[in-house]
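Okay, so here's the structure we're looking at.
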Amino acid sequence: MNMKNIMRMGIVLAILVLIVLILTRVQHTSREKPLSHIDTNDWSTVQIDTQNSSITLQRSNGIWHVQQGSFTYRAEHDLVSTVLANASTLEIGDMISKNPQRHSVFEVTQASGTRARLYADSSDTPAGDFYLGKAAPDYVAYYLRFHGEDAVYFSFNFTPYSLRRDFKQWRTKDLIDAQPTMIQKIVFTHDQDSTTIARTETGWEYNGEERPSDVVQPVIEKIADLRATNVVSIDQEEAVSASLSEPVAQLDVMHADQTDLISFFPIKDKDAIQQYYVRRNDIPGIFIVSSYTFDTLRTDIAGINEPSPSP
269 MNMKNIMRMG IVLAILVLIV LILTRVQHTS REKPLSHIDT NDWSTVQIDT
319 QNSSITLQRS NGIWHVQQGS FTYRAEHDLV STVLANASTL EIGDMISKNP
369 QRHSVFEVTQ ASGTRARLYA DSSDTPAGDF YLGKAAPDYV AYYLRFHGED
419 AVYFSFNFTP YSLRRDFKQW RTKDLIDAQP TMIQKIVFTH DQDSTTIART
469 ETGWEYNGEE RPSDVVQPVI EKIADLRATN VVSIDQEEAV SASLSEPVAQ
519 LDVMHADQTD LISFFPIKDK DAIQQYYVRR NDIPGIFIVS SYTFDTLRTD
569 IAGINEPSPS P
């Protein structure tokens, strides 16, 4: 073996040793789970603060809302669930520094990190109050500092990116609150025509005529999952609301608890792909749905009345 090959092997070996040393530094002999004793259903408030924003997630009557300033909207269920699950599985590893001058290096300050305050059972004292900073060298752990303390730790299972979302991202895109089994009646009005789908003791009726459940049920399930593609930002809501006139279509979904009235308004922008503004009778905010979503809804409802294929 010549000298060049020996030198190459030596360089490769040195790199491997360096990698092992880096990874070894973030291996933890023990980890604590400071919030694992709190059930995800017991969380009541999550306060998220960064240098540029302050957002509050709060549960009221079993429903999560997102608040910023004086504006409050329903929150996206899946995003909130992710935060609560992360809190329950948060693990604290080894302490790596107690030097306050290094807090900015680890990005665990108010100016550089993400502060999370989590409250359970409507308590005024947070069960967890900490800053999440940048990723550790292995990109598995994140630096964490508890508020009011100098020590910085490795943390696992709670990424700051699950918290760093803008206000629009936190807002729900769900248009219907009911599960398919809860829906009793649907009325869809479009172009002066009205279609009624009603549950009966034996199945479903379409404009008073019985239709097979295996034809109606898939449409009911799709309506229950109806979602917007986006929401109108709070700084544009007033102008958009003033521009809305008569809706081109309405969808009434009656279920055990309430009636969800969804109104569709075409977006009058010749340079944009056809979309619709959507308002719901009982919640604030204006949603946006694509023409594909609207056309699919209209086609699916009309398709219930098509003759069933012969056996």
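For the sequence shown, this note's numbering assigns the number 269 to the initial residue and increments by one for each residue that follows. Idealized CB from N, CA, C, for every residue including glycine.
Would the stretch 491-502 and the stretch 546-561 be scored as touching if the rule is three or more Cβ pairs under 8 Å?
yes
Can you tell me whether DSSP reads P552 as helix, strand or coil?
In this structure, P552 counts as coil in the three-state DSSP scheme.
Sequence-distant residues of the same chain with beta carbon closer than 6 Å to I454, five excluded per side:
The beta carbon of I454 lies closer than 6 Å to those of I465, V521 in the same chain, with the five residues before and after it left out.
Please classify Y407: does DSSP put it in a helix, a strand, or coil?
coil
Among residues of its own chain, excluding the 5 on either side of S559, which ones have a beta-carbon nearer than 8 Å to its beta-carbon?
Result list for S559: I541, Q542, Q543, Y544, in chain order.
Under the three-state DSSP convention, the category L412 falls into:
It is a strand residue.
Collapsed DSSP secondary structure at D317 in the structure displayed
strand
If contact is defined by three or more beta carbon pairs under 8 Å, each pair taking one atom from either stretch, is the stretch 373-391 in contact with the stretch 408-428?
yes
In its own chain, which residues sit with a C-beta less than 7 Å from the C-beta of L443, not counting the 5 before and 5 after it?
L494, R495, A496, I530, V546, R548, F555.
Local conformation of H523 per DSSP, three classes:
strand
Expressed to the nearest angstrom, what Euclidean distance is found between the alpha-carbon atoms of D310 and P486?
34 Å
Is it the case that the Cβ atoms of I316 and A388 are separated by a distance below 8 Å?
no
Does K490 come out as helix, strand or coil in the three-state DSSP assignment?
helix
May I ask which residues mark the beginning and end of the beta strand (DSSP E) holding A388?
382-388
Do the stretch 426-442 and the stretch 346-358 touch if we need at least three Cβ pairs shorter than 8 Å?
yes
Classify E360 as buried or exposed, calling it buried when 16 or more other Cβ atoms lie within 10 Å of its own Cβ.
The question names Glu, yet the displayed sequence has Ile at residue 360. Buried, by the Cβ-count rule.
P394 versus Q378 - alpha carbon distance:
17 Å
By DSSP's criteria, S423 is part of a beta bridge. Which residues make up the other side?
I360, Y410, per the DSSP bridge assignment.
If you measure between the beta carbons of T382 and T318, is that distance less than 8 Å?
Taking C-beta atoms as the reference points, T382 and T318 count as a pair closer than 8 Å.
Leaving aside the five residues before and after Y474 along the sequence, list all residues of the same chain whose C-beta is less than 6 Å from its C-beta, in chain order.
I465, I572, N573
So, using beta-carbon positions, are Q326 and S338 closer together than 8 Å?
no
DSSP state of V500 mapped onto helix, strand, coil
coil
My output table needs one value for Q452: the three-state DSSP class, helix, strand or coil.
strand
Host alpha helix (DSSP H) of L565 (start-end)
559-571
Residues near F422 by beta carbon distance below 8 Å, same chain, minus five either side:
Closer than 8 Å at the Cβ level, and outside the excluded window around F422, lie V294, H296, I360, G361, D362, I364, A404, A409, Y410, Y411, L412.
For the alpha helix (DSSP H) holding V334, just list the boundary residues, first then last.
Here V334 belongs to no alpha helix (DSSP H); instead the beta strand (DSSP E) covers 331-336.
Beta strand (DSSP E) segment containing A510, residue limits:
Segment 505-511 is the alpha helix (DSSP H) holding A510; no beta strand (DSSP E) there.
Smallest Cα separation from T457: which of F562, E344, A517, S390?
Residue A517 is the option with its Cα nearest to T457.
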